[in-house]
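Before any comments, here is the structure.
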Amino acid sequence: MKKASLFEIFKIFFIIGLQLLGGGYVIVPLLKKYIVEERNWLTEEELVDFYAMSQCIPGIIAGNIATCAGYRTRGFLGALMAIAGIVAPSFIIIIALANILSGIIEYPVVQNAFWGIRVSVVILILLTIKDLWAKSVNSKFTYTLFSIILICLLILPISPTLIIILSAFIALIYGKIKEQKNA
Amino acid sequence: MLKLYFLLFYEFTKIGIFALGGGYAALPFLYYMQAKYNWFTVDELTNMIAVSNITPGPIGINMATYTGFTTAKFLGAIISTVAIVLVPFFMTIIITRLFTKFQDEKCVCSVFEGLRPAACALLASIGIKLLIDTITSRNELSAITIDYHALILFIILLIPFSFFKKNPLLTIMAGAVGGIIIRSLF
Chain A
28 MKKASLFEIF
38 KIFFIIGLQL
48 LGGGYVIVPL
58 LKKYIVEERN
68 WLTEEELVDF
78 YAMSQCIPGI
88 IAGNIATCAG
98 YRTRGFLGAL
108 MAIAGIVAPS
118 FIIIIALANI
128 LSGIIEYPVV
138 QNAFWGIRVS
148 VVILILLTIK
158 DLWAKSVNSK
168 FTYTLFSIIL
178 ICLLILPISP
188 TLIIILSAFI
198 ALIYGKIKEQ
208 KNA
Chain B
3 MLKLYFLLFY
13 EFTKIGIFAL
23 GGGYAALPFL
33 YYMQAKYNWF
43 TVDELTNMIA
53 VSNITPGPIG
63 INMATYTGFT
73 TAKFLGAIIS
83 TVAIVLVPFF
93 MTIIITRLFT
103 KFQDEKCVCS
113 VFEGLRPAAC
123 ALLASIGIKL
133 LIDTITSRNE
143 LSAITIDYHA
153 LILFIILLIP
163 FSFFKKNPLL
173 TIMAGAVGGI
183 IIRSLF
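Which chain is which? The protein sequence lines are A and B, in order.
Residues 28 to 210 (my numbering) are what the first sequence spells out, left to right.
Residues 3 to 188 (my numbering) are what the second sequence spells out, left to right.
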C-alpha cells in the first residue's frame with residue numbers, strides 16, 4: 028500500500044464532505060468508493076465493523092469514520108487532516124450562506140418561504156421520530172422509559188444532558204438485572 | 003465576549019459528547035440552548051436547521067457552524083465546530099488504537115441501546131412543542147388561536163411526505179413554495 032500524503036487525506040475527505048447530502052447513511056457508499064476501493068485505506072470489513080462501532084461512540088458518525096480512516100493511514104496527523112477535510116466544506120458553505128441569507132431575510136418573499144420551511148422542519152422532525160421510534164422503542168422497558176422521559180420533558184424544562192446521563196445509568200442497571208435473570 | 007466564547011465551547015463540547023445517533027439528536031440540545039441563553043430566537047434556530055438540512059456536509063457540523071456564527075460571528079463558528087468534534091475525535095483515536103479489529107463491545111452497546119429511547123423522547127418533546135408552536139399563534143390578548151394557514155400547509159405536506167422515503171431537500175423546497183403561495187395569496 029502506497030503511503031498517502033497528508034494533503035491527499037484532506038482532499039479526499041473534503042470531496043466526501045462535499046457530497047454528503049441528506050444526512051447519516053449516505054456516507055457508507057461514499058467511503059466504500061473513495062477509501063476502500065480506490066485507495067485501500069481501510070478494508071471493507073474494517074469499514075463495516077467501524078460503522079457498527081461508531082454507532083456506540085458519541086459524535087457525528089461521518090467525523091468519527093474520517094478520524095478512524097485518517098488515523099489508520101497516517102497516525103494522528105492523518106486523523107487531523109481527515110476531520111479537517113470532512114468539516115471544511117460544511118464550514119465554508121454555511122458561512123457563505125449565512126452572509127447571503129442575513130442580507131435577504133427581510134424581503135417578504137424570503138420571509139414567506141421560511142415561514143413555510145418551518146412547517147417542513149416540523150415534518151422532518153416528526154418523520155425522524157417515527158424512524159427512531161421503530162428502531163428503538165420495542166419492549167416494555169423502552170416503552171416505559173420513552174413515556175416517562177417524554178412526559179417529564181413536556182412539563183419541565185430539563186437539560187438534555189441530564190436526561191442522557193440518567194438514562195445511561197438506568198440502561199446500565201437494567202442490563203445488569205436482565206443478565207442476572209438470564210444467568 | 004470572552005465569556006461568550008467559553009460558553010459556546012462548553013455547550014458544543016457537551017453536544018459532541020451527549021448527542022447520540024446522528025444530526026437530529028443535536029436538536030433538543032440546541033433548543034435547550036436557545037431557551038437558556040437566548041443567543042438566537044426559536045424561529046432563527048428553525049431556519050438554521052432547515053439550511054443545515056439542505057446544504058452539503060454532516061448536519062451536525064452544519065448546525066454547529068451556523069449557530070456558532072449567528073451567536074458570535076466567525077470566531078464563534080470556529081469554536082462551535084471544533085468543540086462539537088473534539089471529544090469524539092480523541093475517543094475515536096483511542097478506540098482505533100485499542101482495537102486492531104473492531105468487535106461488538108457488548109456492555110457499551112447495551113447502554114447505547116437504552117439511550118436510544120431517551121434520544122427519541124428528547125426529539126419527540128421538541129417535535130411536539132414545535133408542532134404546537136407552528137400551528138398556533140398568539141393574538142394581542144395572548145390567547146392562543148389556531149393558525150389555519152400553517153395547519154393547512156402542515157396537512158398538505160404531511161400526507162405525501164409520510165408515504166415516501168425521507169427526502170429533506172424536497173420537503174424543504176415544498177415548504178418554501180407552499181409558504182410563498184399561501185402567504186401571498188391569502
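Think of the CB as a built atom: it goes at the ideal place given N, C-alpha and C, for glycine as much as any other residue.
Identity of the residues DSSP links to residue i by a beta bridge
i, result
"A/Arg101", "Looking at the DSSP assignment, A/Arg101 forms no beta bridge with any residue, so it has no partner."
"B/Arg140", "B/Ile146"
Chain-ordered neighbours of residue i on chain A, where CB pairs are closer than 7 Å
i, result
"B/Thr74", "Going by the sequence as given, residue 74 of chain B is Ala instead of Thr. Ordered by position in chain A, no residue passes the 7 Å Cβ test against B/Ala74, which lies about 12 Å from the chain."
"B/Thr173", "Ser147, Ile150 and Leu151"
Supposed close pair residue i, residue j - CB separation, criterion 8 Å
i, j, result
"A/Asn91", "A/Ser81", "5 Å"
"B/Ile97", "A/Ala106", "So it is not a contact: roughly 12 Å between Cβ atoms."
"A/Val146", "B/Leu155", "5 Å"
"A/Val53", "B/Ile182", "About 29 Å separates the two Cβ atoms, so there is no contact after all."
"A/Leu244", "A/Ala89", "Any question about residue 244 of chain A goes unanswered here, given that chain A covers just 28 to 210."
"B/Ser127", "A/Leu180", "4 Å"
"A/Asn139", "B/Arg185", "4 Å"
"A/Ala195", "B/Leu117", "6 Å"
"A/Ile43", "B/Pro90", "Between B/Pro90 and A/Ile43 the Cβ distance is about 17 Å, and since that is not below 8 Å, they are no contact."
"B/Tyr34", "A/Ser186", "6 Å"
"A/Leu69", "A/Val63", "6 Å"
"B/Ile63", "A/Ser129", "With a Cβ gap of about 20 Å, B/Ile63 and A/Ser129 do not count as contacting."
"A/Ile156", "B/Cys122", "6 Å"
9 Å Cβ cut-off: residues of chain B touching residue i
i, result
"A/Asn139", "Ala178, Gly181, Ile182, Ile183, Ile184, Arg185 and Ser186"
"A/Ala125", "Met50, Val53, Thr67, Tyr68, Phe71, Thr72 and Ala79"
"A/Gln207", "Going along chain B, no residue has its Cβ under 9 Å from A/Gln207, so there is no contact; the nearest lies around 14 Å."
"A/Phe173", "Pro119, Ala120, Cys122, Ala123 and Ala126"
Under 7 Å by beta carbon: chain B residues contacting residue i
i, result
"A/Trp142", "Gly181 and Arg185"
"A/Thr169", "Pro119"
"A/Thr188", "Lys16 and Phe20"
"A/Leu45", "Pro58"
"A/Leu183", "Going along chain B, no residue has its Cβ under 7 Å from A/Leu183, so there is no contact; the nearest lies around 10 Å."
Chain A contact residues for residue i, given Cβ-Cβ distances below 8 Å
i, result
"B/Phe163", "Ile150 and Leu154"
"B/Lys5", "Simply none; closest approach about 20 Å."
Neighbour list for residue i in chain A, Cβ cutoff strictly below 9 Å
i, result
"B/Phe91", "Gly86, Gly90, Asn91, Thr94, Ala106, Leu107 and Ile110"
"B/Ile146", "The contacting residues do not exist; B/Ile146 stays about 16 Å from chain A at best."
Near the ligand ATP: residue i beta-carbon under 8 Å from a heavy atom
i, result
"A/Gly44", "This structure simply doesn't include the ligand ATP, nor any ligand for that matter."
Proximal chain B residues relative to residue i, where beta-carbon distance stays under 8 Å
i, result
"A/Lys162", "Arg118"
"A/Ile42", "None at all; the shortest Cβ gap to chain B is about 11 Å."
"A/Ile122", "Thr67, Phe71, Phe76 and Ala79"
**Asked** Which residues, in order along the region 113-144 of chain B, keep a beta-carbon less than 9 Å from a beta-carbon of chain A?
**Response** Within the region 113-144 of chain B, the qualifying residues are Val113, Phe114, Glu115, Gly116, Leu117, Arg118, Pro119, Ala120, Ala121, Cys122, Ala123, Leu124, Leu125, Ala126, Ser127, Ile128, Gly129, Ile130, Lys131, Leu132, Leu133, Asp135, Thr136 and Ile137.
**Request:** Decide yes or no for the touch test of the region 146-166 of chain A against the region 84-96 of chain B: beta carbon pairs closer than 8 Å, at least 3 of them.
**Result:** No, because fewer than three Cβ pairs between the region 146-166 of chain A and the region 84-96 of chain B fall closer than 8 Å, the two stretches do not touch.
**Asked** Counting pairs of Cβ atoms below 8 Å between the region 33-41 of chain A and the region 41-51 of chain B, do you hit three or more?
**Response** Taking 8 Å as the limit for Cβ pairs, the verdict is that the region 41-51 of chain B does not touch the region 33-41 of chain A.
**Prompt:** Is there contact between the region 55-64 of chain B and the region 184-195 of chain A, where contact requires at least three CB pairs shorter than 8 Å?
**Reply:** No, because fewer than three Cβ pairs between the region 55-64 of chain B and the region 184-195 of chain A fall closer than 8 Å, the two stretches do not touch.
**Message:** Which residues of the region 80-106 of chain A have a Cβ closer than 8 Å to any Cβ of chain B? Give them in chain order.
**Reply:** Per Cβ criterion, the list reads Met80, Ser81, Gln82, Cys83, Ile84, Pro85, Gly86, Ile87, Ile88, Ala89, Gly90, Asn91, Thr94, Cys95, Tyr98, Arg99, Phe103 and Ala106.
**Item:** Contact residues within the region 19-43 of chain B, judged by C-beta distance below 8 Å to chain A
**Value:** Contacts with chain A (Cβ-Cβ distance below 8 Å) from the region 19-43 of chain B involve Ile19, Phe20, Ala21, Leu22, Gly23, Gly24, Gly25, Tyr26, Leu29, Pro30, Phe31, Tyr34 and Ala37, listed in chain order.
**Request:** Count the CB pairs spanning the region 136-146 of chain B and the region 13-21 of chain B that are closer than 8 Å, and state whether there are at least three.
**Result:** Segment contact: the region 136-146 of chain B against the region 13-21 of chain B, fewer than three CB-CB distances shorter than 8 Å; contact not assigned.
**Prompt:** Do the region 32-43 of chain B and the region 61-70 of chain B make contact, defined as three or more Cβ pairs closer than 8 Å?
**Reply:** Segments in contact, yes.
**Request:** With 7 Å as the limit, tell me which residues of the region 192-205 of chain A have their beta carbon closer than that to any beta carbon of chain B; keep them in chain order.
**Result:** Result list: Ser194, Ala195, Ile197, Ala198, Leu199, Tyr201 and Gly202.
**Prompt:** Pairing CB atoms from the region 108-118 of chain A with CB atoms from the region 112-121 of chain B, are three or more of them under 8 Å?
**Reply:** The region 108-118 of chain A, when compared against the region 112-121 of chain B, does not touch it at the 8 Å Cβ threshold.
**Item:** Near-chain A residues of the region 148-162 of chain B (beta-carbon distance less than 7 Å), N- to C-terminal order
**Value:** Residues Ala152, Leu155, Phe156, Leu159 and Leu160.
**Request:** Say whether the region 164-176 of chain B touches the region 150-159 of chain A, bearing in mind that this needs 3 or more beta-carbon pairs closer than 8 Å, one atom from each stretch.
**Result:** Pairwise C-beta distances place the region 164-176 of chain B in contact with the region 150-159 of chain A, as three or more of them are shorter than 8 Å.
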